[in-house]
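Protein chains in written order, with our numbering: chain A, 1 to 126; chain B, 1 to 265.
Here the structure comes first, spelled out in structure tokens, and everything after it is commentary.
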């Protein structure tokens with residue numbers, strides 16, 4: 001995913017812009033992105049430098065012209081919607097490693113319990 | 001002026017681009033160098049292969065401590081990246097001095113490397129960072145070349161006509177490494193007359209690459225060794241500058257190297 005167009009409305013004014021993925025830190029499970037949009041009527045713009053982790057999003061929002069904080073919130077909502085559609089926890093290597101560890105642990109516990117049960121059964125049968 | 005007539009192809013994948021490349025074809029990335037050459041008719045390719053639709057070549061990825069830069073990554077993206085700034089600040093500093101924002105918005109990292117202008121910032125920074133260049137060809141498959149073997153002469157690289165630069169791999173720097181990129185241009189944003197990229201990590205690691213000091217980015221191992229052995233910034237800079245014949249360029253380069261070493265201390 002490299003990004004895509006963004007459209008949203010804030011304070012009754014339609015905005016249009018784009019989201020761009022800047023970088024991916026696979027070691028830390030972090031995606032950096034930049035989003036910006038301008039009002040299609042009047043003089044207003046909003047931009048954000050965004051850092052996303054699994055289940056979280058931090059952003060530095062910059063407003064210009066007549067843009068209000070509502071435009072910043074609407075921009076981030078549009079970003080969340082687009083990223084939510086394209087980034088799932090399964091894309092996060094840290095999440096995948098944790099899942100693999102938990103699965104291995106569950107299998108190990110299951111096998112150990114099975115072996116212990118079979119040994120107990122053999123002793124019970126004499 | 002307008003370019004001479006050419007066939008235009010816009011592939012959507014690397015494989016399709018490789019199929020279109022050949023002896024009389026040129027790859028178009030950001031177009032900040034190639035388009036002026038076409039307009040002046042200094043380049044007259046039969047076919048122009050526009051890479052801008054190949055999204056798979058536009059990425060910045062840190063994986064296993066190594067930075068991987070897709071050849072079509074815009075210079076502005078490199079400049080904006082916090083991953084690059086944290087781990088390879090030399091690239092952030094170097095790309096900040098590439099022309100102006102409008103040019104960096106279109107210009108690509110791979111384009112600057114493949115164009116191999118001896119006065120360009122990114123090839124010098126990548127040489128100081130011991131980068132490796134990954135290339136692919138439809139006939140010969142993939143190959144990887146380190147910076148000193150990649151840049152052959154002014155505007156000439158190891159790339160064959162049917163080959164495409166696909167990725168630039170930059171290894172992790174030693175812990176505590178600091179970097180500086182200093183250049184001098186008569187006008188801000190113009191091609192620099194001289195410059196220096198320096199990476200230092202205590203007395204264990206030093207890399208100095210010079211801009212405009214020769215036909216290709218130039219590493220100065222004698223000055224690097226001197227720096228590791230405890231030489232002062234001025235002494236190491238004097239050794240680095242000794243590689244140049246021209247008095248003015250030698251004086252300018254020596255001073256720029258000294259400033260870069262002190263900035264990276």
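Beta carbons: idealized from backbone N, C-alpha and C, even for Gly.
Please read all numbers here as calculations on a predicted model, not as lab measurements.
Contact check between the region 102-120 of chain B and the region 65-79 of chain B: three or more CB pairs, one atom from each, fall below 8 Å, which counts as touching. Taking 8 Å as the upper bound for CB-CB distance, residue 14 (chain A) and residue 40 (chain A) are in contact here, some 5 Å apart.
Taking 9 Å as the Cβ-Cβ cut-off, the region 17-34 of chain A approaches chain B at 20, 21, 22, 23, 24, 25, 26, 27, 28, 30, 32 and 34, given in chain order.
Interface annotation, residue 52 (chain A): not in contact with chain B, CB-CB separation never under 8 Å.
Within the model, the alpha-carbon separation for residue 231 (chain B) versus residue 204 (chain B) is close to 13 Å. Residue environment analysis places residue 2 (chain B) among the exposed positions, since fewer than 16 neighbouring C-beta atoms fall within 10 angstroms of its C-beta. Per DSSP, the unbroken alpha helix (DSSP H) holding residue 123 (chain B) starts and ends at 121-128. One Cα belongs to residue 195 (chain B), the other to residue 64 (chain B), and the distance between them is close to 31 Å. For residue 150 (chain B), the three-state secondary structure derived from DSSP is helix.
Fully contained in the region 73-145 of chain B are the following alpha helix (DSSP H) runs of length 4 or more, in chain order: 75-80, 82-87, 89-95, 101-106, 109-115 and 121-128. Under the DSSP definition of a beta bridge, residue 6 (chain A) partners with A:17.
Note on residue 84 (chain A): under 16 other CB atoms within 10 angstroms of its CB, so exposed under the neighbour-count rule. Looking at the backbone, the Cα of residue 32 (chain A) and that of residue 173 (chain B) are separated by about 21 Å.
When beta bridges are read from the DSSP output, residue 218 (chain B) appears opposite B:210. Closest in C-alpha terms to residue 126 (chain B), from the list B:17, B:190, B:113 and B:213, comes B:113. When C-beta distances to chain A are compared with 8 Å, the residues of the region 44-72 of chain B below that value are 55, 58, 59, 60, 61, 62, 63, 64 and 65, in chain order. The region 36-97 of chain A contains, as complete beta strand (DSSP E) runs of 3+ residues, the segments 44-53 and 56-65 (chain order). Residue 37 (chain B) and residue 43 (chain B) have their C-alpha atoms spaced approximately 5 Å apart.
Counting of Cβ neighbours within 10 angstroms places residue 98 (chain A) among the exposed residues, the total staying below 16. Residue environment analysis places residue 34 (chain A) among the buried positions, since at least 16 neighbouring C-beta atoms fall within 10 angstroms of its C-beta.
Annotation: residue 137 (chain B) has no Cβ neighbours in chain A at a cutoff of 8 Å; minimum Cβ distance is about 25 Å. In the DSSP assignment, residue 261 (chain B) falls within the alpha helix (DSSP H) that extends over 247-263.
Taking a C-beta distance under 8 Å as the contact criterion, residue 211 (chain B) and residue 183 (chain B) qualify as a contact pair.
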